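K.L.:
In the UniProt record's numbering, the protein residues as written are 1 to 733.
Don't be surprised by glycine CBs; every beta carbon is placed ideally from N, CA and C.
None of these values were measured; they are calculated from a predicted model.
Here is the structure:
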C-alpha cells in the first residue's frame with residue numbers, strides 16, 4: 001500500500017508553491033497521453049473493453065501462473081564442478097502482480113532449498129527500477145532477471161499457457177531442461193559401482209501393510225511323552241499374517257506345579273522338520289560362495305560370490321496353508337495337534353481357501369459334572385435367609401435385598417404401592433366371624449401386615465394384629481434345606497382364602513387403588529385381566545348364547561340396557577357354575593359399568609391453582625398478561641387453547657398439565673378460544689384471592705390412609721350388559 005501511494009504521489013510537484021502535475025507522466029488534455037509519450041504500466045490489466053468490471057483481487061482470486069525455470073550458480077574453489085544448475089518454480093499471482101520463487105527440495109543435496117524469493121512485487125532491473133514486473137514480461141524460453149540473478153524460463157503448466165493465449169501472448173516453444181554436470185557425473189559413478197556383497201531385495205512392505213494386526217489363533221495340545229503323568233499340555237498358537245511368523249504360549253492350569261514362562265516358543269518363522277533331521281549350523285546361509293581355483297594354486301583358494309545360488313540349501317517354513325484343524329505340526333521335535341481356532345481364523349480360511357468344516361478335535365475327556373451344593377437344614381435360629389448366608393462362605397454377610405425392586409415399588413407421591421384388602425376370619429365362632437381385618441401387602445419387599453378394625457361393644461381390642469414381615473405358605477416343613485415359599489401379591493385377590501400363621505382369612509373387598517393397580521398390571525395379576533376373563537366366559541357360555549341373552553333381558557324389565565350389580569353377579573356365577581372368583585366378577589362389572597361424569601367446580605380449581613402459585617411465590621401476572629396481549633394481534637381478547645398452554649409453559653407455571661388444561665377449557669368461549677384476561681385474573685391470588693374452597697362433587701374412592709375397612713354396598717352401581725353380550729357372542733342381528 002505504501003509503494004502504491006508513493007507511485008501515485010510522484011505525479012505531483014510544486015510550481016511557485018502550488019501543487020500541480022509536473023512529472024514526466026503528466027497527461028494531456030482530457031487525460032489523453034501526449035504525442036510520443038509512453039505511460040508506464042503499474043498493474044497487469046486486460047485491454048479496455050474486455051473482461052468484467054470487477055477489481056483484479058476479485059476477478060483473479062486464487063489464480064496463479066506457474067513457470068518452470070533454472071539458474072546457474074558459480075561454485076568457486078572446487079575442482080569437481082565450476083557451476084551448478086538449480087531448478088526452481090516461478091509463481092506469478094494475478095490478483096496483485098506479486099512473484100514468488102521456490103526451489104523444490106532435493107534429498108541429500110546439502111543445499112538450503114525452499115523459498116528463494118518471498119512473495120512480493122519485484123522491480124525491473126536497472127535502469128527501469130521504478131517499474132515492476134507485470135504479466136507482459138513473462139513468456140516461455142526467455143530470461144528474467146530478479147535481483148541480479150538471471151532465471152531461464154523453460155516451460156509452464158497448461159493453465160498458464162491457456163491464460164497467456166487469451167491475453168494475446170504468442171508463446172515460444174519450450175526449452176530443454178539442462179542437467180547439472182556434477183550430479184550427472186555422480187550418477188555415473190554410482191551406477192558403475194558394484195557392491196562387494198550383493199544381496200537380494202525382498203519386498204515385504206505390501207504384505208505388512210495388508211495384514212498388519214491380523215493374527216490367526218489356534219488352540220493346540222501337546223502330549224508330552226516325558227511327563228510323569230502324561231497329561232496333555234494346552235497351547236495357543238498365533239500365526240502373524242504380516243510376516244508369517246509364529247509364537248506359542250502355554251496355558252498353565254491353576255496349581256499345576258509348573259513354572260509360568262512368558263512364551264513356549266518365541267515369535268519367529270517356524271521351519272518344517274527336514275527328513276534327514278536338523279541342519280547343521282552354517283548349512284543355511286543368506287549367501288553362497290564358489291571356490292574358483294580349488295586347491296590348484298597351493299593351499300589357497302579364490303572365492304567369489306555365487307549369484308545363482310547353485311549350492312544354496314532352501315529351507316521351508318510353515319505357512320498359513322499348512323495350518324488347519326486336525327493337522328500335526330513339528331515344533332522343534334515336538335508334535336503339536338491343532339484342535340480348534342477362533343472365529344476370525346475360521347472366517348479367514350472360509351474366505352481364502354473355501355474351507356467349511358471346522359469341527360474341533362476332542363483331546364480330553366469332558367469335565368465331570370459339578371457336584372450339587374447341598375445346604376444343611378434350617379436350625380430354627382434367626383431367619384432362613386440369614387442362616388443360609390452363613391453357609392455361603394467363611395465371611396458372614398447379611399442377606400442381600402432386592403434394592404432395585406425397593407426403589408421401583410417404594411412410596412412415591414400418591415403412589416403408595418400398597419395393596420389393601422378387607423378380610424374376615426373363616427371360623428364357626430359367632431364372635432370371631434364379625435371381626436374385620438385390613439391386610440396390607442407392601443410391593444417393595446413382599447411383606448404383609450394385618451390390622452384389626454376397632455368395633456365398639458365387641459370386647460375385642462383392635463389395632464395391630466400381625467407385625468409386618470414375610471409370611472410362609474402353610475403346609476411346609478419347618479426344618480429343611482430348601483428355602484420356604486412365601487405369599488406373593490398374586491396370591492391375594494377378592495375371594496381368596498389365605499392362612500396366615502394358622503388363621504384362615506377370606507378376602508372380601510379391596511380399596512380402589514388396589515383394583516386400579518391390578519388392572520394396570522394385568523401381566524402380573526390374571527384375576528384382573530379382562531381379556532383372560534372374557535375368553536374364559538366365552539368358552540363357557542358360547543353354547544348357550546341365546547339362553548343367556550334371554551336371561552339378561554329378563555333381568556332388565558324396564559329395557560334400560562343397564563342392570564344392577566347384584567343380579568349381574570348372580571347371573572355370572574350361575575353361568576360359570578362358581579368357576580369365577582369374586583375378583584374376576586368385580587373386574588368384569590367394573591369394565592362394563594356405567595361411567596358417571598363429574599363436573600369440576602371452577603372455584604375449586606382456581607382455589608387449588610392459586611394455592612400452588614402462592615406456595616411457589618409466582619407473581620409474574622403482569623408479564624403474563626403482556627405476553628398474551630402481544631400474541632393477540634387482532635386485539636380480540638381471545639387466543640387459541642394450545643397457544644395459551646405454550647405461553648403458560650414458557651413462564652413455568654407450577655401447575656400440573658391436567659389442571660392447566662382444565663382451567664383453560666373452563667375459560668373458553670363458544671368458538672373454543674380462551675379469554676386470557678379472565679384466565680389471568682382468576683389466577684392472580686394477589687388481587688382476586690378466593691377465600692375458601694368450594695365443595696365439589698367427588699367420586700367416592702378409598703384413599704390409602706382413609707380405607708375404613710367397611711365394604712361398599714356395591715362395587716359398581718350399574719352395568720351395561722349389551723356391550724358384554726356383543727363382545728361375547730357378537731352383535732345380534
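On a Cα-Cα basis, can you pick out the residue from 673, 561 and 680 that is closest to residue 627?
P.N.:
Out of 673, 561 and 680, 680 has the C-alpha closest to the C-alpha of residue 627.
K.L.:
What whole-angstrom Cβ distance do residue 220 and residue 337 have, given they're in contact under 8 Å?
P.N.:
Their Cβ separation, rounded to whole angstroms, is 6 Å, which keeps residue 220 and residue 337 in contact under 8 Å.
K.L.:
In the DSSP assignment, the beta strand (DSSP E) including residue 466 goes from what residue to what residue?
P.N.:
Looking at the DSSP string, the run of the beta strand (DSSP E) that includes residue 466 is 463-469.
K.L.:
How is residue 503 classed by DSSP in three states: helix, strand or coil?
P.N.:
Strand, per DSSP.
K.L.:
Assign residue 673 to one of three DSSP states: helix, strand, or coil.
P.N.:
It is a strand residue.
K.L.:
Return the bridge partner residues of residue 388 from the DSSP annotation.
P.N.:
Answer by DSSP bridge pairing: none, since residue 388 is not bridged.
K.L.:
CB-CB under 7 Å to residue 247, same chain, minus the five flanking residues each way: which ones, in chain order?
P.N.:
Excluding sequence neighbours, residue 247 sits near 238, 263, 265, 266 and 267.
K.L.:
Starting from the Cα of residue 356, find the closest Cα among 523, 363, 341 and 368 and give me that residue.
P.N.:
Measuring from the Cα of residue 356, the nearest candidate turns out to be 341.
K.L.:
Straight-line CA distance for residue 350 to residue 241?
P.N.:
Approximately 16 Å between the Cα atoms of the pair.
K.L.:
Would you call the stretch 482-495 and the stretch 439-451 touching, i.e. three or more CB-CB distances under 8 Å?
P.N.:
A contact exists between the stretch 482-495 and the stretch 439-451.
K.L.:
Under 8 Å by Cβ, that's how I've got residue 581 and residue 682 pegged, so tell me the actual separation to the nearest angstrom.
P.N.:
Incorrect: roughly 49 Å between the Cβ atoms, too far for contact.
K.L.:
Just to confirm before moving on: does the CB-CB distance between residue 492 and residue 604 stay below 8 Å?
P.N.:
Not in contact: residue 492 and residue 604 (Cβ atoms no closer than 8 Å).
K.L.:
May I ask you to report which of helix, strand or coil DSSP gives residue 175?
P.N.:
It is coil, neither helix nor strand.
K.L.:
Can you tell me the Cβ-Cβ gap for residue 377 and residue 480, rounded? I've got them flagged as a contact below 8 Å.
P.N.:
Correct: roughly 5 Å between the Cβ atoms.
K.L.:
Please give me, in chain order, every unbroken run of the alpha helix (DSSP H) with length at least 4 that falls completely inside the stretch 315-366.
P.N.:
Taking only runs of at least 4 residues, the alpha helix (DSSP H) segments lying wholly in the stretch 315-366 are 343-352.
K.L.:
Could you give the DSSP three-state label for residue 653: helix, strand or coil?
P.N.:
Reduced to three states, the DSSP call for residue 653 is coil.
K.L.:
Is it the case that the CB of residue 621 approaches a heavy atom of the ligand MN more closely than 7 Å?
P.N.:
This structure simply doesn't include the ligand MN, nor any ligand for that matter.
K.L.:
Can you tell which of 469, 689, 560 and 586 has its C-alpha closest to the C-alpha of residue 518?
P.N.:
Selected option, being the one with the closest Cα: 586.
K.L.:
Tell me whether residue 312 sits in a helix, a strand or coil according to DSSP, three-state version.
P.N.:
Residue 312 falls in the coil class under three-state DSSP.
K.L.:
Please say whether residue 358 and residue 346 have beta carbons closer to each other than 8 Å?
P.N.:
Taking 8 Å as the Cβ cut-off, residue 346 and residue 358 qualify as a contacting pair.
K.L.:
To the nearest angstrom, report how far apart residue 720 and residue 474 are at their CA atoms.
P.N.:
Between residue 720 and residue 474, the C-alpha separation is close to 41 Å.
K.L.:
Could you give the first and the last residue of the continuous beta strand (DSSP E) run that contains residue 727?
P.N.:
No beta strand (DSSP E) contains residue 727, which is instead part of the alpha helix (DSSP H) from 721-729.
K.L.:
Find out if the Cβ-Cβ distance for the pair residue 755, residue 624 is shorter than 8 Å.
P.N.:
With the chain running from 1 to 733 in the structure shown, residue 755 is simply not present.
K.L.:
So, at 7 Å on beta carbons, what are the nonlocal neighbours of residue 641 in its own chain, with the 5 sequence-adjacent residues on each side left out?
P.N.:
Closer than 7 Å at Cβ, skipping near neighbours: 664, 668, 672 and 674.
K.L.:
Find the nearest neighbour of residue 284 within the set 271, 292, 291 and 168, judged by alpha-carbon distance.
P.N.:
Nearest C-alpha to residue 284: 271.
K.L.:
Could you say if the stretch 372-387 and the stretch 405-415 meet the contact criterion of at least three C-beta pairs nearer than 8 Å?
P.N.:
Flag = no, the stretch 372-387 and the stretch 405-415 do not touch.
K.L.:
For residue 455, count the other beta carbons within 10 Å of its own beta carbon; 16 or more makes it buried, fewer makes it exposed. Which is it?
P.N.:
Its Cβ having fewer than 16 others within 10 Å, residue 455 is exposed.
K.L.:
Using a threshold of 8 Å, state whether the C-beta atoms of residue 138 and residue 122 are closer than that.
P.N.:
No.
K.L.:
Along the chain, where does the alpha helix (DSSP H) that runs through residue 404 open and close?
P.N.:
Looking at the DSSP string, the run of the alpha helix (DSSP H) that includes residue 404 is 403-409.
K.L.:
Provide the residue(s) that pair with residue 85 in DSSP beta bridges, ordered along the chain.
P.N.:
Answer is 72.
K.L.:
Is the distance from the Cβ of residue 654 to the Cβ of residue 613 below 8 Å?
P.N.:
Their beta carbons are under 8 Å apart, which means residue 654 touches residue 613 by this criterion.
K.L.:
At a cut of 8 Å, does the stretch 642-651 reach the stretch 684-691 through at least three beta carbon pairs?
P.N.:
As far as the Cβ criterion goes, the stretch 642-651 does not touch the stretch 684-691, which means the pair count is below three.
K.L.:
According to the neighbour-count rule (16 or more other Cβ atoms, all chains shown, within 10 Å of its Cβ), is residue 332 buried or exposed?
P.N.:
So residue 332 ends up on the exposed side.
K.L.:
Tell me which residue opens and which closes the alpha helix (DSSP H) that residue 517 is part of.
P.N.:
Per DSSP, residue 517 belongs to the alpha helix (DSSP H) from 512-520.
K.L.:
Out of 73, 250, 562 and 588, which one is the CA nearest neighbour of residue 573?
P.N.:
The shortest Cα separation from residue 573 among 73, 250, 562 and 588 belongs to 588.
K.L.:
Is DSSP giving residue 570 helix, strand or coil here?
P.N.:
Correct three-state label for residue 570: helix.
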